[in-house]
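Engineer: Below are the structure tokens for one structure; questions will follow.
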Amino acid sequence: CAGLRNLLQRMSFSAKYYSKHNPAQTLCPFSKIGPKKCHILGCSKSTCTHRTAPPGSILPCRFFSCKEGTKVPSKRKQNTSLVTSDLLHKNLLKSEQKNWNNISPTYKAMTKRIKEKLKELHNMYTLNSRSPRIRFGENVYFEENGCIFLAKADDDEGNAKILFSVEDLGSSDAFIQRIRISPDQRYMAISLKSENSEEATCIIMKLGNLPVVEKVIPSVFSFEWAANDVLYYTVQKNLKCQNVFMTTFPYQEHTKLVYTEHDARFFVDLYCTKDRRFLTINSNSKTTSEVWLVDCRHPFESPALVQARTTGLIYHIEHRKDLLYILTTYGEPAEYKAILTDNYIHRINLDAYCRSNRNIASSGKENWQLVYAPERKTKLVDFEMFSDDCIMFLKNAGHLYLNVISFVSHSVQSIKLPTWACEFELESHPEHTTSTCYFQLSSPVHPPKRFAYSFKENNLIEQAVQEVPIIRNCHTTRLLAKSKDETLVPITVFHNKNSKELHRRPLLVHVYGAYGIDLNMSFKEEKLMLIEEGWILAYCHVRGGGEQGLSWHRDGCQHNKLKGLHDLRACIMLLHQVGFSQPKHTALAAASAGGVLAGALCNTDPALIRAMVLQAPFVDVLNTMMKTQLPLTIEEQEEWGNPLEDEKCMKYIKSYCPYQNIKPQCYPSVFISAYENDERVPLTGILQYVQKLRKAVLDHASRTSKKGNWIPNIILDVQANGSHCDSSWEHSLNE
């Protein structure tokens, strides 16, 4: 164990995967439709918020190299340029750190009060919720406080046996990200990450009276057991996954390369079908996918191709009773369609559900038969396959629905979920023969509440959760704002029922609008705290996101990106018109790629808001997309376009890029948090953005100097720890 500890201490762990677009939301590696919160345990699909690593994450460059077509300077001159850039970066960083150290004491008393309140809410709502329990026959596995436990299903969990503990590794910031138990429960594979890196380490343990570490594999992204002692895994390098390996136990020397993806636009991940009949190798770009099947009964045979990649065609595979079920965008409209067994199932932004023969060779799209298609603007968020049923989660006009398709009675039951629910999370169900599906519902201000659907009783059961108070004083309102082109844009609003004179209340507006990803509306203690203190929270589901399907994303990417900006402007104006706050009490919040629309609005309509809060924001689209040598830039072209080869694209990006459009004017106050080790949005670009913005503010103030003239604060907090990922509770609390 000492040797393992020393090895792991030298390795980089990494936080929950959260790319600028929450990796492949349209091509979620583990969830077939969209990203899901991390299911720590289980053999079924699981991903992290956005939970998954998609192909198109942007990685702006810290030091820019020569443009294509220009003369490459000598090595000596090149090195001098790099040294100069490095020195400039260090000087900017030092200046901002000094500025932060001077400003932060101003907020000391407020910070103390907020931290105490958040701890109180965390203890009240989060600590009382237990982690998912995963049952394999008579055994139950669960993770708590960095430990993995094994208990008997009919025994008290107080007698549970500890299989693994992070503390034994001697790494203070490492945490368990994913667990996979082998079918015969003789082996357990674990991935560990830390907050300061995006690479995970996989540890394989042999279970028994005394669990033993069998193997340690660095830089692993996804992994699945194809058989009792055969593990498939992908390796992550430079934020990319393109190689799939197979290793066997206890013969560790038997490890071989199974699959290699040569197209830089594609990202590879693994998933086991619910019945564990096939392991799928999924190669996805933002618009196209290809799936290879590994027969888990014959894990050493070569993978079989389901359907060769076709530009614009996305599909995902499930299996049940010798039939393949395929979710695909095949056919018109180009939205996800779903089917069950012989027929397509439901009409929702889903990939078409298709049936194929046992012979994989006949599973091409020419043999696919549409069974059911979704209604317009209804989105299939996720689905789960069971032995006799399929359960599907749908979203329409902001409301969540549950559809249960019975393979036995060939019936479909539709259930509208509580109106306050904005997010759902399926719990892992490794046994596909189970008769109950468990999931959790939440909203930004409603802690996760557990529900169960019984296939036998055909009803939804709200699970009693002891000690967790019910939120009763929060009102949820859904609005539609008319954008510049008459498109109706959904808004979800939360406010305290007891608040009066809402036009005088402070308003916090949230926006994202990129990569076809839904705006994150999971529970956060700080959101509930704001509601209790009289704030109004608004979530603008602008185009570019995925709230209303793939077309909603297409209408807000590449040459349509300005539509997202028009949507955001219309949403804020409507909120003020109907009496939710006013500009001088309005703040705008965004993270990662959401910084593009937030920063653009700050340039075009600064009078609409008084403050803007950005977390690790992407604010220089143009310079980033000009650097094809970056590992993810080519993949990002499907989101932003290719300015190197298309002059119109270059001009279009320049028209909205936040960094390119800063000018002397009266800006709102701006607070930005960034991370020194962020691999996706490197610090240099943010430092330059802050420097340019602050100069514009001061230039405007000097030109319009009047007594009592208001000068906005431009504040940057650069954190030495953390990365472009979801962080631990302690780190989030400090931030």
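Okay, so the sequence shown: first residue is 2 according to our numbering, each after it adds one.
Just so you know, even glycine gets a beta-carbon here, dropped at the ideal spot from N, CA and C.
Check whether the Cβ atoms of G565 and H554 lie closer than 8 angstroms to each other.
Structural biologist: Here the question's residue 565 lines up with position 564 in the sequence shown. Here the question's residue 554 lines up with position 553 in the sequence shown. No. Outside cutoff.
Engineer: Considering K118, what are the terminal residues of the alpha helix (DSSP H) in which it resides?
Structural biologist: Within the sequence shown, the letter at position 117 stands for residue 118. First-last of the alpha helix (DSSP H) with K118: 109 to 122.
Engineer: Using C-beta distances below 8 angstroms, list every residue in its chain close to S412, excluding the 5 sequence neighbours before and after it, in chain order.
Structural biologist: For the purposes of this step, residue 412 is taken as residue 411 along the sequence shown, with counting starting at 1. Same-chain partners within the cutoff: I406.
Engineer: Given this structure, state the Cα-to-Cα distance separating G595 from I573, to the nearest angstrom.
Structural biologist: Against the sequence shown, residue 595 aligns to sequence position 594. Against the sequence shown, residue 573 aligns to sequence position 572. Distance between the alpha carbons of G595 and I573 is about 15 angstroms.
Engineer: For the region 535 to 622, which segments carrying the alpha helix (DSSP H) assignment without a break, of at least 4 residues, lie completely within its bounds, in sequence order?
Structural biologist: Within the region 535 to 622, the complete alpha helix (DSSP H) runs of at least 4 residues are 551 to 555, 562 to 578, 595 to 605.
Engineer: Going by DSSP, what residue range makes up the alpha helix (DSSP H) through H701?
Structural biologist: Position 700 of the sequence shown holds residue 701. From DSSP, the alpha helix (DSSP H) with H701 extends over 684 to 704.
Engineer: Determine which residues share a DSSP beta bridge with Y513 and list them.
Structural biologist: As a working mapping, residue 513 is identified with position 512 in the sequence shown. Its beta-bridge partners do not exist; DSSP assigns none.
Engineer: Please state whether DSSP places V307 in a helix, a strand or coil.
Structural biologist: What you label residue 307 is simply residue 306 of the sequence shown in a count that begins at 1. In the structure shown, V307 sits in coil (DSSP, three-state: anything other than H, G, I, E or B).
Engineer: Leaving out five residues on either side along the sequence, give the residues of the same chain with a beta carbon under 8 angstroms from the beta carbon of S582.
Structural biologist: Numbered from 1 along the sequence shown, position 581 holds the residue referred to as residue 582. Once the five neighbours on either side are set aside, the close Cβ partners of S582 are L503, H504, R505, R506, P507, L508, I537, L576.
Engineer: Specify the secondary structure class of Y188 as computed by DSSP and reduced to three states.
Structural biologist: The residue labelled residue 188 in the question sits at position 187 within the sequence shown. Y188: strand per DSSP, three-state reduction.
Engineer: In angstroms, rounded to a whole number, what distance separates the CA positions of S286 and F150?
Structural biologist: In the sequence shown, counting from the first residue as 1, residue 286 sits at position 285. In the sequence shown, counting from the first residue as 1, residue 150 sits at position 149. Answer to the nearest angstrom: the Cα atoms are 37 angstroms apart.
Engineer: Within 10 angstroms of its Cβ, does N497 collect 16 or more other Cβ (buried), or is it exposed?
Structural biologist: Residue mapping note: residue 497 aligns to position 496 of the sequence shown, counting from 1. The residue is buried, with at least 16 neighbouring Cβ atoms inside 10 Å.
Engineer: Could you work out which residue in C203, M189, P219, A228 is closest to P212 when comparing CA atoms only?
Structural biologist: The residue labelled residue 212 in the question sits at position 211 within the sequence shown. Comparing Cα positions, the closest option is M189.
Engineer: Kindly indicate which residue of C667, M651, K153, L93 has the alpha-carbon position closest to the one of N714.
Structural biologist: Walking along the sequence shown from the start, residue 714 turns up at place 713. Closest by alpha carbon: C667.
Engineer: Using only alpha-carbon positions, find the residue among K649, A588, K275, S656 that is nearest to D621.
Structural biologist: As a working note, residue 621 is residue 620 in the sequence shown. Per the Cα distances, S656.
Engineer: If contacts are defined as beta-carbon pairs under 8 angstroms, then H430 and E463 qualify, I think. What distance do you get, rounded to the angstrom?
Structural biologist: Here residue 430 is taken as the residue at index 429 of the sequence shown, counted from 1. Here residue 463 is taken as the residue at index 462 of the sequence shown, counted from 1. With a Cβ gap of about 19 angstroms, H430 and E463 do not count as contacting.
Engineer: If you reduce the DSSP assignment to three classes, tell me which class D647 lands in.
Structural biologist: Within the sequence shown, residue 647 is the residue found at index 646, counting from 1. Coil at D647, not helix or strand.
Engineer: Roughly how many whole angstroms lie between the Cα atoms of S703 and K585?
Structural biologist: In the sequence shown, residue 703 corresponds to position 702, counting from 1. In the sequence shown, residue 585 corresponds to position 584, counting from 1. Those two C-alpha atoms are separated by around 22 angstroms.
Engineer: Return the CA-CA distance between T379 and P445, expressed in angstroms with no decimal places.
Structural biologist: Working through the sequence shown from its first residue, we reach residue 379 at position 378. Working through the sequence shown from its first residue, we reach residue 445 at position 444. Using only the alpha carbons, I get a separation of about 22 angstroms.
Engineer: One question on the structure: do E225 and Y272 come within less than 8 angstroms of each other, judged by their Cβ atoms?
Structural biologist: Locating residue 225 in the sequence shown gives position 224, counting from the first residue. Locating residue 272 in the sequence shown gives position 271, counting from the first residue. The answer is yes: Cβ separation under 8 angstroms.
Engineer: Shortest alpha-carbon distance to K118 belongs to which of T634, E527, S733, I218?
Structural biologist: What you label residue 118 is simply residue 117 of the sequence shown in a count that begins at 1. The candidate whose alpha carbon is nearest that of K118 is E527.
Engineer: If you follow the alpha helix (DSSP H) that S733 is in, where does it begin and where does it stop?
Structural biologist: Working through the sequence shown from its first residue, we reach residue 733 at position 732. Note, S733: alpha helix (DSSP H), 730 to 735.
Engineer: In three-state terms, what does DSSP make of E376?
Structural biologist: Within the sequence shown, residue 376 is the residue found at index 375, counting from 1. Of the three classes helix, strand and coil, the one that applies to E376 here is coil, per DSSP.
Engineer: Sorted by chain position, which residues of the same chain lie with C-beta nearer than 6 angstroms to N358's C-beta, five sequence neighbours on each side aside?
Structural biologist: As a working note, residue 358 is residue 357 in the sequence shown. Note that N358 scores a pLDDT of 37, beneath 50, so its modelled location is shaky; the value from the coordinates is reported in the next line. Nothing listed; no residue qualifies.
Engineer: My assumption, with CB atoms under 8 angstroms, is that G514 sits in contact with V543. Please give the rounded CB distance.
Structural biologist: Along the sequence shown, one-based indexing puts residue 514 at 513. Along the sequence shown, one-based indexing puts residue 543 at 542. Contact holds; Cβ gap of about 4 angstroms.
Engineer: Do A721 and E677 come within 8 angstroms of each other at the CB atom, strictly closer than that value?
Structural biologist: The count along the sequence shown starts at 1 and reaches residue 677 at position 676. The count along the sequence shown starts at 1 and reaches residue 721 at position 720. Cβ distance < 8 angstroms, so E677 and A721 count as in contact.
Engineer: Relative to the C-alpha of L734, which candidate in I315, K95, K116, N102 has its C-alpha closest?
Structural biologist: Translated into the one-based positions of the sequence shown, residue 734 becomes position 733. For L734, the nearest C-alpha among the options comes from K116.
Engineer: Can you tell me which of H123, E291, T281, L551 puts its alpha carbon nearest to the alpha carbon of E333?
Structural biologist: As a first step, residue 333 must be located in the sequence shown, where it is residue number 332. Of the candidates H123, E291, T281, L551, the one whose C-alpha sits nearest the C-alpha of E333 is L551.
Engineer: Classify L314 as buried or exposed, calling it buried when 16 or more other Cβ atoms lie within 10 Å of its own Cβ.
Structural biologist: Walking along the sequence shown from the start, residue 314 turns up at place 313. Classification for L314: buried.
Engineer: Measuring only the C-alpha atoms, how far is H476 from T705?
Structural biologist: Residue 476 sits at position 475 when you count from the first residue of the sequence shown. Residue 705 sits at position 704 when you count from the first residue of the sequence shown. One C-alpha to the other measures close to 43 angstroms.
Engineer: So, under 8 angstroms CB-CB, C242 and D264 are touching, yes? Tell me the CB distance rounded to an integer number of Å.
Structural biologist: What you label residue 242 is simply residue 241 of the sequence shown in a count that begins at 1. What you label residue 264 is simply residue 263 of the sequence shown in a count that begins at 1. No, C242 and D264 are not in contact; Cβ-Cβ is about 13 angstroms, not under 8 angstroms.
Engineer: Measuring alpha carbon to alpha carbon, tell me which residue in C203, C438, T312 is nearest E458.
Structural biologist: Numbered from 1 along the sequence shown, position 457 holds the residue referred to as residue 458. Ranking C203, C438, T312 by Cα distance to E458 puts C438 first.
Engineer: Could you pull the start and end residues of the beta strand (DSSP E) that E432 belongs to?
Structural biologist: In the sequence shown, the residue the question calls residue 432 occupies position 431. Neither: E432 is in no beta strand (DSSP E) and is coded neither H nor E.
Engineer: Would you list the one or two residues that DSSP bridges to F384?
Structural biologist: Here residue 384 is taken as the residue at index 383 of the sequence shown, counted from 1. M393.
Engineer: Who are the Cβ neighbours of S415 in its own chain at under 7 angstroms, not counting the five residues just before and after it?
Structural biologist: The sequence position of residue 415 within the sequence shown is 414, counting from 1. Excluding residues within five positions, the ones whose Cβ falls inside 7 angstroms are Y402, N404.
Engineer: Roughly how many angstroms lie between the CA atoms of V221 and C603, to the nearest whole one?
Structural biologist: To locate residue 221, count along the sequence shown from 1; it is residue 220. To locate residue 603, count along the sequence shown from 1; it is residue 602. V221 and C603: Cα-Cα distance of roughly 39 angstroms.
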